[in-house]
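The next block holds one structure in the form of structure tokens; read it before the comments.
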Amino acid sequence: MDIIKAWKVLIDESTYPAEYPFPGEWISFGKGYPIKGLGGWQTPLISHELSHFDIQRARHQIVLYLKSCLRDKDGMMAARVVCRSDVLYRDNEKGRFYEYSHPPVWSYAARKILEKQWDTKFALFCFESGITNLKWWIKNRQDRIGLFWYLDSFPDRKDSAESGCQHSPRWDFTDLGPFPCIDLNCQILLYLENMIFLAEKLGMNKEKDHLVSIHGNLKKIVMRYFWDDILGFFCDYELTGMNAKKTSASFWTLISGLALEEDVERMVPLLLDPGEFGAPCGLPSVALSEPKFKLDFWRGCLWPSEVFWTCIGLQRYHYNDIARKISKICLDNVYNTYNTTGKFWEFYNPIDGDITKISRNGIRGPYQDCPASVPLISLEKIATGEIIC
26 MDIIKAWKVL IDESTYPAEY PFPGEWISFG KGYPIKGLGG WQTPLISHEL SHFDIQRARH
86 QIVLYLKSCL RDKDGMMAAR VVCRSDVLYR DNEKGRFYEY SHPPVWSYAA RKILEKQWDT
146 KFALFCFESG ITNLKWWIKN RQDRIGLFWY LDSFPDRKDS AESGCQHSPR WDFTDLGPFP
206 CIDLNCQILL YLENMIFLAE KLGMNKEKDH LVSIHGNLKK IVMRYFWDDI LGFFCDYELT
266 GMNAKKTSAS FWTLISGLAL EEDVERMVPL LLDPGEFGAP CGLPSVALSE PKFKLDFWRG
326 CLWPSEVFWT CIGLQRYHYN DIARKISKIC LDNVYNTYNT TGKFWEFYNP IDGDITKISR
386 NGIRGPYQDC PASVPLISLE KIATGEIIC
């Protein structure tokens with residue numbers, strides 16, 4: 026079977042009819058995922074992939090995602106929302122989980138949908154939702170310096186999944202937390218950039234000018250605190266040195282446009298270095314040189330979703346050949362594993378591709394049939410040289 030066709034079939038198999046609290050057809054995390062719901066970074070990535078071949082369906086998923094996850098009273102995004110038939114459903118929150126939020130990356134998918142097919146009503150809905158949610162991040166996750174932190178970095182909350190990188194060696198020592206997180210600050214920068222785009226397109230000049238000012242101020246602060254000149258890398262602003270520093274989270278500096286050209290010239294070679302991120306079978310989530318690298322979940326496994334984000338960051342800085350190479354190596358791993366297992370997995374083995382050698386937080390291997398974790402169409406386009414950023 027054609028592998029892209031197989032991915033689309035999996036999307037259809039992970040699609041369900043309306044069920045409370047979802048008023049229309051919706052796509053779950055994946056038929057092999059233990060939770061029957063939506064949210065996190067997964068639903069936006071599914072929407073982004075749908076935008077390549079079904080704009081209306083992609084737009085519908087973003088609208089459903091925002092209406093389901095966004096809490097009206099304060100603008101918080103639920104970590105996830107499950108349907109009534111899911112075992113985790115609770116009536117008190119109508120299937121919504123507010124213990125923590127999730128990475129604010131949905132605006133990237135929304136912008137790409139709008140760039141392909143403008144819809145003023147959808148754009149206005151996204152803008153209003155985005156501004157409401159940004160206020161929550163500023164009120165609840167911004168420190169006195171002006172930097173943002175994930176709940177994962179808070180003492181006794183390192184098992185949180187707010188960052189989407191749960192159990193990463195970034196969170197091994199949080200006793201002195203919370204500490205500013207490089208990926209979140211870059212995600213907020215990207216969020217602001219996309220809201221600026223919407224404000225401009227909608228003719229909201231006053232709102233645009235205000236957002237430009239916030240974006241500029243945050244960018245200056247982030248540049249001041251996160252660059253490690255010894256490593257030649259952007260890292261979490263965590264002063265103990267007890268946590269892993271070189272992780273794929275740092276490549277959000279490319280995606281957001283934060284990095285200066287001289288920074289990029291030092292960072293990019295690490296992607297090709299076989300002792301760092303240039304693993305034989307794809308980009309590891311933690312550099313091989315890190316003592317805490319391990320073939321376990323976010324402690325070192327290859328996540329095709331991270332390859333996607335890193336590659337669009339490389340394209341933003343015109344490192345198209347390197348993006349193509351990294352994407353192709355990842356796809357080779359995905360294809361080989363699919364040929365032997367018939368499944369799309371949550372994450373992969375970047376060392377030799379053997380899916381049986383990796384674990385999920387020390388217990389078992391990755392979940393299977395997870396379309397959001399494998400943004401296949403985008404990776405295919407990048408591997409063939411198409412610019413999608």
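For the sequence shown, the working numbering assigns the number 26 to the initial residue and increments by one for each residue that follows.
Using N, Cα and C, we set each Cβ at its ideal position, and we do this for glycine too.
Three or more beta-carbon pairs separated by less than 8 Å are not found between the region 210 to 225 and the region 344 to 364, which leaves the two stretches without contact.
Of all alpha-carbon atoms in C414, S403 and E124, the one lying nearest the alpha-carbon of E74 is that of S403. In terms of Cα proximity to G266, the closest of F204, I138, R349 and M229 is F204. Excluding residues up to 5 positions away in sequence, D99, G100 and M101 lie with their Cβ nearer than 7 Å to the Cβ of W161 in the same chain. Remark: C-beta atoms of A104 and S126 approach each other more closely than 8 Å. Boundaries of the beta strand (DSSP E) around G64: G62 to G64. Under the criterion of beta carbons closer than 8 Å, L279 and R341 qualify as touching, at roughly 6 Å. Look at R84 here: in three-state DSSP terms it is helix.
Here the C-alpha atom of N345 lies approximately 12 Å from the C-alpha atom of K353. Beta-bridge partners assigned by DSSP to T272: V311. Taking 4 residues as the shortest admissible run, the region 280 to 358 contains the following complete alpha helix (DSSP H) segments, listed from N- to C-terminal end: 286 to 297 and 329 to 341.
Nearest neighbour of L214 by Cα position, chosen from F198, Y250, V130 and S188, turns out to be V130.
Nearest to S132 by alpha-carbon distance, out of A148, D261, K119 and W328, is A148.
With respect to A134, I87 sits close: the two C-beta atoms are nearer than 8 Å. L236 is positioned such that its CB atom lies no closer than 8 Å to that of S154. With 16 or more neighbouring CB atoms inside 10 Å of its own CB, R136 falls in the buried class. By the 16-neighbour rule on beta-carbons within 10 angstroms, P299 is exposed. Bounds of the alpha helix (DSSP H) holding R166 are T145 to R166. A straight-line Cα-Cα distance of about 43 Å links A83 and I255. When G338, L264 and Y250 are compared, the shortest CA-CA separation from E286 is found for G338. Taken atom to atom, the span from the alpha-carbon of W143 to that of I383 is near 43 Å.
Selection F152, I156, T157 and T199 evaluated against Y175 yields T199 as nearest (Cα-Cα).
A Cβ-Cβ separation of about 18 Å leaves Y41 out of contact with Y392 under the 8 Å criterion. When secondary structure is reduced to three states using DSSP, F222 falls in the helix class. 8 Å or more divides the Cβ of G62 from the Cβ of V112. Bounds of the beta strand (DSSP E) holding V107 are R105 to V107.
Using a 10 angstroms sphere on the CB of R115, the tally of other CB atoms stays under 16, which defines it as exposed. Secondary structure within the region 225 to 263: the alpha helix (DSSP H) runs of 4 or more consecutive residues, fully enclosed, are 230 to 250 (chain order). One Cα belongs to D168, the other to K245, and the distance between them is close to 15 Å.
Following the DSSP letters along the chain, one finds K137 inside the alpha helix (DSSP H) bounded by residues W131 to K141. Partner residues in the beta bridge of I52, as assigned by DSSP, are T40.
By the neighbour-count criterion, in which a residue is buried when 16 or more other Cβ atoms sit within 10 angstroms of its Cβ, F78 is exposed. Straight through space, the alpha carbons of L139 and F150 are spaced by roughly 12 Å. Within the same chain, and ignoring the five residues on either side of I36 in sequence, the residues whose Cβ sits closer than 6 Å to its Cβ are P396. H240 sits close to L217, with the two beta carbons spaced by under 8 Å. In the structure shown, W370 adopts extended strand secondary structure according to DSSP, grouped into three states.
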